[in-house]
Every structure is written in C-alpha cells, then in structure tokens.
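Residue numbers (our numbering), protein chains in the order written: chain D, 7 to 157; chain L, 874 to 1254. No residue lacks a Cβ here, since even glycine has one placed at the ideal position from N, Cα and C. One structure below.
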C-alpha cells in the first residue's frame, strides 16, 4: 500500500530531514557569536546576552538523558499520539538541554546518564490527514539485554 | 510605603461545580460572588467604599473580574483582570497591595476564581509545537524534576507519599477544602501511575473555587478583627538557563523560588526561622519538599528526612500547609494563591479552630506559575 500522506514537521527549522542524500538527521540550533551560548531552537536574539548575532548550527546526534518520565494519561487537546509516551531532557555536548520525546515508553529503559541518539519519527496524523514528523531520542542500548548491557 | 492590612478574607468551598456525578452546577462568577460576600462581611466595610478590584484567573476568559463584581453590583471602580498562571491571584494581591502601599487607594478587593475541567489541565503556557509533542503536561514536568531530585539527593517515593498523607490529614480540619479524608501511605503508592514516578494521589486534584481578600490602609482599618499586615508581596520570573522546556547546561542561575524568598525575607526583615507557618506550593507531593528547601527552611536534600521526623506537621517546628495544601484543598488555578493567604490570615488571627498553630505571628505563602513565575507573600500579625 502506498503511503500518500504528506509528511510535515511539527515545526519548521527544528531539524534537517533524515532522507536527504542518505544523510543522518540533525537538530538545528543557534550559537551566539558574542557569548558563545548554544540554544535550541534557534532564536533571533541571544537569551543570555541579548546580542542579535546568532549563527545556525547543527547539533550533535548523541547526548545523555538528564531526566525522564513516562506519561500514562492522554493529554488534551493538542497531543494526539500514543499513550503512554516517554518524555525527558537530553543534554548534548554543545551545552544545551533539550526537551524531547523518547522512542521508548518503558521506564526501565530510560535512565539518567543513558546515551541516546537522535532519530526523526512519526508524531501522529493530524486532523488534515498529514503525517506530523518530529525529532525523538532513542536509547542506544534499548534493544540490548539488561540496563547496562552493550556499552 | 504605607502599611497595608488584610481586613477581610472569604472563600467558597473548593470542589466540583460542573453538574456531573452528583456535583452541583455553579458558574465561576457565582463562586466568586460567594467568596467576595464572605470577605466583604469579614472586613466590615461598605461595598461602595471599595475603590479598585483585582481578579486573578487563568481560563475564565474576558472580563472575569467584571462578571464576578456584576453579581453584586458594579460601582464604576477600575477592575483589573490578572492572568499569571497558578500565581494569578497572588499577582492580583500584589497589585492591590502596591496600590495601597503607594497611596493610590485605601480599600481594594482581590478575588481569585477558577473552574477547571477534569483530567490534565489543557495548559496553553507552551509554544504550539511543544503542545503538539505533549510537553504541556504539568505532572510530567514535575515528574522530570522529581526524577532529578531522587537521583541527586536520594529522596524516596515513600517520603513523597508521606507528604500527601500529611496534607490530607491537615485537610480533614480545613472546612473549605475539596478532600476531607485521610489517606494511607499504601493508598498513595498504589494509586494509578499518572506520570512516572508520580501516582494519582501524589498529584493535586483539579478543583473549582473562589477566594476573596479585602486590603485596606491603616487609616481605613476599623475592623474588630486582629490586624494582619502585609510584610512582603514579591513576584519574580525565572532567569535564563533554568527555565522549563530545556535550557542551558553551562549557565545555571538561581531557581525562581530562591530568588523570590530572598527578596521576601529582605522586604519583611525576617528569615525562615521567624516564620510560624508556611503555605507552600505542592501541586505534586515531591514539589512541597523541594519548595521547603528552596525557601530556605533546610538544606537541599534534607526535607524528606525532616518530614519523617514530623518537623512539617501541625505540631512541628515548621508547619507546612495546615490548610491541606493543593494536595487536599484542590487546585482552582487562579484561586490558589488567595486560598493560601486566607489560611494564613485565619491562623494569625487565631481563627483556625482545631487546626490552629498557637501563638503564630508570621506566615508565608508561596506559589509557582507557568511562565515560569514565583510569588511569595509574608503576612504578620
């Protein structure tokens, strides 16, 4: 069956498409050319020093879980994806902490300090019949046996 | 700055007024009217002497304060509607306080009012794309803060359950609260999971409700009630680097509650050791412990142990949430700040009946709202 749904990002400017020339997806952040602060998503003005010289940068694909939860109840009315879902913060080496969905919703696979990798994935089909896509992070050891296995 | 006195407080009972499952139906402005009438009578002033009205609410739409006051009779005064997340009525209170302290008015009315649907609050305090991704779930945001707190300080689920047990026990004696039944540690731990690791009974219930306060200048204070003075009314927003929804790893500014507490202590000339009772923000059980630490009652990581020693019980050294807090009283967003203030006023006047803190002279109220913001009010008898 052919999937004719139009894929649209949950917001423009958050990430590069994964399918482009076989390249791997990247989050798009901003780096302040004045104070060096790295932000996600990119803003027009640096929230740290208020200078307007922000350069777009691609952020590292791997980071570590700073915190996590699994939401067990359906939020309304905006989120229309599956429940439960894994949610948390990931710290990237550039010094930015990003709120994100996880591919996993088993609390046992989510742990502070766990290494995770960026993927682009379906969020859900919106009311117009489009497939919303978004960034998520996936535990690198999600399919290894045991919490500390496979490192 | 002139002295500002809380001359009257009034509440309606918090609960469900949605007409479902045998609950009565009332509009938010009917709830507001009941609270205002109670505060107005408590203050012993004439309705037409009120010079300005300030109304805190989040989701009641345009002109919420006007709708409440129209139930009693519009008198041509300025009415200012204030939305500031869960600090809405604390913020409205601060505006009224400032108006009197600076000499603009002598008698102001503050009202906080809210009706909230069941289930997760459909918060709009996030950018649209983050709401589509399911970030706008308060229990989830607090769950992530809780997971860090457990990791850094070894706080336990049992300690969180004991916060709920304490507040529900206090709530039995608070006549205006939603819940008035005790719960056990096991019931809290075994209630259904909402957002890991927070169970249902670690989360405050949504509730409908309204609270009102009359503030007056010294020259207009003619009530026979004990005088309760506003010693500090502080409102802050967060600093860059620590806001919800991500932020900086490198730049870690002080938390909003710490900043607000420092300002409130400076304004009032007292420290945490001088405060006889605290109404601290407890939307989720662990957040009460974190708030206790951030207002400076103890060091980070100590609150769970002190809780287990009974330090925050009604008879303890630092009673926290004698009204039952949000966990027992319920959380009508825009009304919560004034509910804390009402409880502290009753306590300082010695009108808290069986839940009294004998001899209490100073009390603190603390809310955190979306934004993020934080409001701290200190009252003195």
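8 angstroms is my cut-off, CB to CB: does residue 955/L come that close to chain D? Output row for residue 955/L: interface = no.
Is there contact between the stretch 939-949 of chain L and the stretch 1002-1020 of chain L, where contact requires at least three CB pairs shorter than 8 angstroms? no
Thinking C-beta only, is residue 1196/L closer than 8 angstroms to residue 1190/L? Residue 1190/L is not a Cβ neighbour of residue 1196/L, given a cutoff of 8 angstroms.
Taking DSSP as the reference, what is the three-state secondary structure of residue 1148/L? coil
Through-space distance from residue 1032/L to residue 1057/L, alpha-carbon basis: 12 angstroms
Exposed or buried, which one is residue 1204/L when buried takes at least 16 other CB atoms within 10 Å? buried
Selection from 1254/L, 1208/L, 1250/L that minimises the alpha carbon distance to residue 955/L: 1208/L
Is residue 1228/L helix, strand or coil by DSSP? helix
Can you pull the chain L neighbours of residue 97/D, defined as C-beta to C-beta under 9 angstroms? 1122
Inspect the CB distances between the stretch 937-944 of chain L and the stretch 1042-1060 of chain L and report whether three or more fall short of 8 angstroms. no
Across which residues does DSSP place residue 106/D in a beta bridge pair? 94/D
Taking the runs of the beta strand (DSSP E) that are 3 residues or longer, which of them lie wholly in the stretch 113-142 of chain D? Within the stretch 113-142 of chain D, the complete beta strand (DSSP E) runs of at least 3 residues fall at 121-131.
Mind reading off the beta-carbon distance from residue 32/D to residue 21/D? Whole number of angstroms is fine, and I expect it under 8 angstroms. 6 angstroms
Do residue 1026/L and residue 1157/L have their C-beta atoms within less than 8 angstroms of each other? no
From the DSSP secondary-structure annotation, give me the bridge partner or partners of residue 927/L. According to DSSP, residue 927/L bridges with 953/L, 983/L.
What number of angstroms, rounded off, separates the C-alpha of residue 125/D from the C-alpha of residue 118/D? Straight-line Cα distance between these residues: approximately 19 angstroms.
Output yes or no for whether 8 angstroms exceeds the beta carbon distance between residue 1180/L and residue 1069/L. Not in contact: residue 1180/L and residue 1069/L (Cβ atoms no closer than 8 angstroms).
Chain L partners of residue 139/D, CB-CB under 7 angstroms? Correct list: empty, because the minimum Cβ distance to chain L is about 11 angstroms.
Where DSSP assigns a beta bridge to residue 1246/L, which residues make up the other side? 1110/L, 1242/L
Interface flag, residue 81/D vs chain L, CB-CB below 8 angstroms: yes
Applying the criterion that 16 or more other CB atoms from any shown protein chain within 10 Å of the CB defines a buried residue, is residue 915/L buried or exposed? With 16 or more Cβ atoms within 10 Å of its Cβ, residue 915/L is classed as buried.
Are residue 1086/L and residue 882/L close, meaning C-beta to C-beta below 8 angstroms? Pairing residue 1086/L with residue 882/L gives a Cβ-Cβ distance under 8 angstroms.
Selection from 1080/L, 1095/L, 987/L that minimises the alpha carbon distance to residue 906/L: Relative to the Cα of residue 906/L, the nearest Cα in the group 1080/L, 1095/L, 987/L belongs to 987/L.
On the DSSP bridge list, what partners appear for residue 1105/L? 1251/L
Using beta carbons (cut-off 8 angstroms, strictly below), is residue 932/L in contact with chain D? no
Whole-Å CB distance - residue 72/D paired with residue 91/D, under 8 angstroms assumed: At roughly 18 angstroms, the Cβ-Cβ gap does not stay under 8 angstroms, so residue 72/D and residue 91/D are not in contact.
Identify, in the order they occur along the chain, each residue of the same chain with its Cβ nearer than 6 angstroms to the Cβ of residue 78/D, setting aside the five sequence neighbours on each side. 90
Helix, strand or coil: which one does DSSP assign to residue 881/L? strand
Go ahead and pull the three-state DSSP assignment for residue 145/D. strand
What number of angstroms, rounded off, separates the C-alpha of residue 1229/L from the C-alpha of residue 1169/L? If I take the Cα positions, the gap works out to 23 angstroms.
Which residues in chain L have a C-beta closer than 8 angstroms to the C-beta of residue 43/D? List them in chain order. 1121, 1123, 1124
Could you give the first and the last residue of the continuous beta strand (DSSP E) run that contains residue 1088/L? Here the beta strand (DSSP E) through residue 1088/L covers 1082-1090.
Taking Cβ positions, are residue 39/D and residue 59/D nearer each other than 8 angstroms? Yes. Within cutoff.
Rounded separation between residue 919/L and residue 1084/L - CA only: Approximately 19 angstroms, taken between the alpha carbons.
Residue 1040/L: buried (16+ other C-beta within 10 angstroms of its C-beta) or exposed? buried
So, is the C-beta of residue 105/D closer than 8 angstroms to a C-beta in chain L? yes
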